[in-house]
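Note sheet for the following structure.
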Amino acid sequence: MTPASVNLYNAAEARKNLKQRYDRTVQRKLKYKVGDLVRVSRAKNAFAKGYEGGWTIELFKIYRISETRKPSVYYLKDLADEPIEGFFYEEELTRVRKDLNNASFEIEAILDTRGKGRKKEYFVHWRGYPDKFNSWEPAAPLDYLKKNKKNEE
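Each residue of the sequence shown is one higher than the one before, starting from 1 at the first, in the UniProt record's numbering.
Right, here's the structure in full:
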């Protein structure tokens, strides 16, 4: 039935036909759920190095899923619970199976030092994370790692 042929007498039949067509569309099962930890794909240009990873180091948490958009989109927060602008499609995300309580993160640089002896602390910049995640960390475990690294070399 064409849209031009719909009139007052066959409108119910046209509505029924449209509903059947709409109900036939397959609802895809969502790949991720709220609370999942994910990484976001990096935008690659023509001269991007293929041996570098295609995903961000920084982890994000899904806090909202919009199924009203087709395809479904995901809204993310960083680990400081601040929302990330915009939304992301399923293909732009990859799940990370990581327990944040026991996770280890790589230190990019030690920016500052304070204290002496047992109270010594380092102000560290975490690899792949913005400056707002810089933090003061106890020096003892970091000094231990430094010594082991020197012994291996």
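From the three backbone atoms N, C-alpha and C, an ideal C-beta is built for every residue, glycine too. Only a predicted model underlies this, so the values are computations on that prediction, with no experimental measurement involved.
C-alpha of E58 to C-alpha of Y22: approximately 39 Å in a straight line.
Spanning the alpha carbons of R39 and L18 requires a straight line of approximately 39 Å.
Boundaries of the beta strand (DSSP E) harbouring S135: S135 to P138, taken from the DSSP string. A check of alpha carbon separations from G53 across T68, F105 and T94 identifies T94 as the nearest. Here T94 is bridged, per DSSP, to R39. Taking K33 as reference, the option from E90, P138 and R15 with the minimal CA-CA separation is E90.
Cβ contact annotation for L30 (same chain, cutoff 7 Å, sequence separation greater than five): I65 and S72, in chain order.
Looking at the backbone, the Cα of G117 and that of W136 are separated by about 15 Å. The C-alpha of A14 lies about 44 Å from the C-alpha of K77. In the DSSP annotation of this structure, the continuous segment of the beta strand (DSSP E) that includes K61 starts and ends at F60 to S66.
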